[in-house]
Amino acid sequence: MRALSAIWFALLLGSGLARADQGLLYREANLAALFSWQGRLDSWPRPPLSGVGFEYFWKAPGVTPGELRPEVLDLHLQLAYDPAENRPAARARDAWVRFAESRSGLQVRLGHFDLPFGFNPSLALRGEALQPLVAMDLGFVQDWGLAAEGEWGGFSYEAAATLGSGDVPRLRRDRHLWAGRLGMPTYRSAQYGVSLLYGSTAGGRAWRMGADGVYLYHEPFTTLRGEVVLGADDRVPVGGLLLGLTQILPARPQWGLEAQARLWQAGTTRAELAAGLLRSLPGLLTLRLHWLYRSAALGGNGIFAQLYYYGP
Numbered sequence: 000m001r002a003l004s005a006i007w008f009a010l011l012l013g014s015g016l017a018r019a020d021q022g023l024l025y026r027e028a029n030l031a032a033l034f035s036w037q038g039r040l041d042s043w044p045r046p047p048l049s050g051v052g053f054e055y056f057w058k059a060p061g062v063t064p065g066e067l068r069p070e071v072l073d074l075h076l077q078l079a080y081d082p083a084e085n086r087p088a089a090r091a092r093d094a095w096v097r098f099a100e101s102r103s104g105l106q107v108r109l110g111h112f113d114l115p116f117g118f119n120p121s122l123a124l125r126g127e128a129l130q131p132l133v134a135m136d137l138g139f140v141q142d143w144g145l146a147a148e149g150e151w152g153g154f155s156y157e158a159a160a161t162l163g164s165g166d167v168p169r170l171r172r173d174r175h176l177w178a179g180r181l182g183m184p185t186y187r188s189a190q191y192g193v194s195l196l197y198g199s200t201a202g203g204r205a206w207r208m209g210a211d212g213v214y215l216y217h218e219p220f221t222t223l224r225g226e227v228v229l230g231a232d233d234r235v236p237v238g239g240l241l242l243g244l245t246q247i248l249p250a251r252p253q254w255g256l257e258a259q260a261r262l263w264q265a266g267t268t269r270a271e272l273a274a275g276l277l278r279s280l281p282g283l284l285t286l287r288l289h290w291l292y293r294s295a296a297l298g299g300n301g302i303f304a305q306l307y308y309y310g311p
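Numbering of the sequence shown is given in numbering that gives the first Met the number 0, commencing with residue 0 and proceeding in unit increments.
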């Protein structure tokens, strides 16, 4: 009940801020389930978890050249059902403030944001069911910390120092992450980048080096993506591969096909193959149905179903 009260208070506060400051307020609802091959219908145990929430955006009317000032605030809160603990839990997704200096293009973010590694910076889609490779590796794609980003020689760069705790803002002496990515801007039809990550995680001292690429053909109809990561946990080699495809049907753009394969090797092999369809429904609803295969280390084979709403 305490978590539910906190979410409703934040919703009311966000509504008041949106009216007072001309911000943007979006509401969110997600229902995700897994129908296993054994005939059981269960709550989906991994992001995107079933729940409700809101996202509030505020943008400053302007910035002063030569001064680093607050430019954007993003507050994305959810009340999600956690099957592991069998209870609803309030949590922050995006919760950051961004400072900007217009002359140099430098931007600095403080809060909870996507790690600048692999697909994360360009895959900030709400309710995304196909998670990037780092979710299979670290177990989270967002972290609390400080990040700086900008452009250099026609490339976009981002570097971050974070706590290494995922969704929980917990400072621990044995946890920290340094991550960075250099790549093409996201408005290009062919995007590629290289990433580095170093720090201490639950698996010990870790480093990662990755390369990723996205190709948009007749945007938004066809998206091809691939990612490869190599590294080590306490000198034990680890690595993985991701291949993905999204195809919107040109004749019926409300329909789309999705497929993704992920493989991660770290002592044991973890593999996942998802393929299915998406359908845009009236009222800003999206329906997904995926056939899902997971190796024994991951479990959870069956049919994944999701009904998602995100809008004002």
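Just so it is clear, CB atoms sit at the ideal spot from N, CA and C, and this is done for glycine as well.
Does DSSP put residue i in a helix, a strand or coil?
i	result
Val133	helix
Asn29	strand
Leu297	coil
Pro168	coil
Gln106	strand
Ser49	coil
Pro219	coil
Ala83	coil
Pro319	Residue coverage of the chain in this structure runs from 0 to 311, which leaves residue 319 outside it and unanswerable.
Gly255	strand
Which residues mark the beginning and the end of the beta strand (DSSP E) in which residue i is found?
i	result
Phe139	From DSSP, Phe139 is part of no beta strand (DSSP E); its letter is neither H nor E.
Ser42	Leu40 to Ser42
Thr268	Thr267 to Leu280
Ala304	Gly301 to Gly310
Gly117	No beta strand (DSSP E) contains Gly117, which DSSP labels as neither H nor E.
Leu248	Val235 to Leu248
Pro87	Arg86 to Glu100
Glu127	No beta strand (DSSP E) holds Glu127; DSSP gives it neither H nor E.
Looking at residue i: is its Cβ nearer than 9 Å to the Cβ of residue j?
i	j	result
Ala210	Gly192	yes
Arg90	Asp142	no
Gln259	Leu244	yes
Ile100	Arg125	Correcting the residue type first, residue 100 is Glu in the shown sequence and not Ile. No, Cβ-Cβ distance for Glu100 and Arg125 is not below 9 Å.
Leu262	Leu241	yes
Pro82	Trp36	no
Phe220	Gln246	yes
Ala94	Gly104	no
Pro46	Ala159	no
Tyr55	Tyr309	no
Asp41	Leu33	yes
Ser194	Leu176	no
Can you name the residues that DSSP bridges to residue i?
i	result
Glu66	None, per the DSSP bridge assignment.
Gly355	Because residue 355 is not part of the residues shown, which for the chain are 0 to 311, the question remains open.
Trp177	Ala160 and Tyr197
Ala189	Tyr214
Phe112	Asp142
Leu78	Val51 and Ala89
Trp36	Trp36 pairs with nothing; no bridge assigned.
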